[in-house]
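One structure is given below, encoded as structure tokens.
Residue numbers (this note's numbering): 297 to 656.
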């Protein structure tokens, strides 16, 4: 149950800024029309989304439903996100703990559980690639360079990716989280590595124990013989950022827009077939397929700098495994191909993945 507080008191002292019992430490990111702050209280670490109330009221955003397109105040979208997250409690879904909503305060605050592990993978704009979050946090910008993937095969890129074993571990957790979300009639609509976070920080001594490799040459990081093997059970990933999420009535869980991130959006969202109606669950499963592709390759399965060309690539849906990439098992390749099927009905459900013997 999410706590709602309608009285907010802010203060500044020698330690910094406080909002009620939360000590705001530093900015750690930005969301849609909001800042994301790290905070601390007597109960632990928190992530805080701070929205300006003026923006919430005056900013208009597009909304699509069975009756067509309309515009609504952004406040309505945030109210929907709060309502959806208020229904959720699952080990692989980020927990909204408290909402600070004082109409006399200039800001609205959403207080989430703290996830010190950070993003599962980090995007590098210059190299157009993702790298394993734990490696990026420890090694910094040294793990990526500025050459984009379009430059051609065979170039050293220093992109750290997860091995199939570790990617499989995360895949089961993500499928479990998505199955839970879908069981509540909710479609996430923006599953991508940026919205997946680790629940705990990865200690420095773990880095050489993680199954991460450098692509395309893929030399596995040297392991220390003096350290015990990492227990992957301690690596927990959680699904975050429900800003695009939508509650949909069954049995088809229909949505009517292509909202989300285009690189992770399925072809049916661009084809405009069936009067623009899209089945929500297969839409999320396509995005999961893109995420799993990124975990092992560090790049999106479909990529173009021009949005129209990107949409054409996705609609043509010719999936190619990068040359020089990791050698994957037949089962993993088949999983990627099934999730990235052009036919939405051919994609496995999250429930089916959770129950599959191979992914357990």
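The beta carbon of each residue, even a glycine, is placed where N, CA and C say it ideally should be.
How big is the Cα-Cα spacing for residue 339 and residue 417?
28 Å
Would you mind stating whether residue 534 and residue 493 have Cβ atoms separated by less than 9 Å?
yes
Bounding residues of the alpha helix (DSSP H) (the contiguous stretch that carries residue 355):
That residue, residue 355, is in no alpha helix (DSSP H); it is neither H nor E in DSSP.
Determine the direct distance from the alpha carbon of residue 317 to that of residue 301, and round the result to whole angstroms.
12 Å
Which class does residue 347 belong to by DSSP, given the choice of helix, strand or coil?
strand
What's the call for residue 657, buried or exposed, on a 16-neighbour Cβ count within 10 Å?
It is not possible to answer for residue 657, since the shown part of the chain is limited to 297 through 656.
Closer than 7 Å by C-beta to residue 346: which residues in its own chain qualify, once you throw out the five before and the five after it? Chain order, please.
330, 331, 333, 403, 405
Taking contact to mean at least 3 C-beta pairs separated by less than 8 Å, is the region 539-556 in contact with the region 571-588?
yes
Would you grab the beta carbon distance between residue 299 and residue 391 for me? Rounded to a whole angstrom, and I think it's under 8 Å.
With a Cβ gap of about 12 Å, residue 299 and residue 391 do not count as contacting.
Quick check on residue 461: buried or exposed, where buried means 16 or more other Cβ atoms within 10 Å of its Cβ?
exposed
Using 9 Å as the threshold, is the C-beta distance between residue 583 and residue 484 below it?
yes
Would DSSP call residue 496 helix, strand or coil?
coil
Do the CB positions of residue 397 and residue 324 come within less than 9 Å of each other?
no
Suppose you measure from the CA of residue 519 to the CA of residue 599; what does that come to, to the nearest Å?
Residue placement at residue 519 cannot be trusted, given a pLDDT of 47 that sits under 50; what the coordinates show is reported in the next sentence. In a straight line, the C-alpha of residue 519 is about 33 Å away from that of residue 599.
What first and last residue would you give for the alpha helix (DSSP H) that runs through residue 475?
460-479
Would residue 472 and residue 387 qualify as a contact pair, given that the criterion is a beta-carbon distance under 9 Å?
yes
Pick from 641, 373, 306 that is closest to residue 354, judged by C-alpha positions:
373
For the alpha helix (DSSP H) containing residue 297, name the first residue and the last one.
Premise fails: residue 297 is in no alpha helix (DSSP H) and is neither H nor E.
If you follow the beta strand (DSSP E) that residue 409 is in, where does it begin and where does it stop?
403-409
Beta-carbon contacts of residue 315 that lie in its chain and below 7 Å, excluding the five residues immediately before and after
304, 306, 396, 405
Per-residue DSSP class, three states only, for residue 379:
helix
Using beta-carbon positions only, say whether residue 586 and residue 488 come within less than 9 Å of one another.
yes
Report back the beta-carbon spacing between residue 428 and residue 457 to the nearest angstrom; my notes put them in contact at under 8 Å.
6 Å
First and last residue of the alpha helix (DSSP H) that includes residue 634?
626-635
Residue 399: which of 381, 410, 419, 352 sits nearest, CA to CA?
352
Since residue 587 is in the beta strand (DSSP E), which residue starts that stretch and which ends it?
Where residue 587 is concerned, there is no enclosing beta strand (DSSP E), although the alpha helix (DSSP H) it sits in stretches over 576-593.
Classify residue 367 as buried or exposed, calling it buried when 16 or more other Cβ atoms lie within 10 Å of its own Cβ.
exposed
Mapping DSSP to helix, strand and coil, what is residue 330?
strand
Who does residue 617 pair with in a DSSP beta bridge?
DSSP output for residue 617 lists no bridge partner at all.
Who pairs with residue 543 in a beta bridge, going by DSSP?
482
At the level of alpha carbons, what is the spacing between residue 423 and residue 594?
10 Å
Range of the contiguous beta strand (DSSP E) that encloses residue 428:
425-428
Which class does residue 369 belong to by DSSP, given the choice of helix, strand or coil?
strand
Proximity below 9 Å, CB of residue 348 to CB of residue 537:
no
C-alpha gap between residue 608 and residue 378, whole angstroms:
35 Å
Cβ-based neighbour list, residue 638, same chain, cut-off 7 Å, excluding 5 preceding and 5 following:
563, 613
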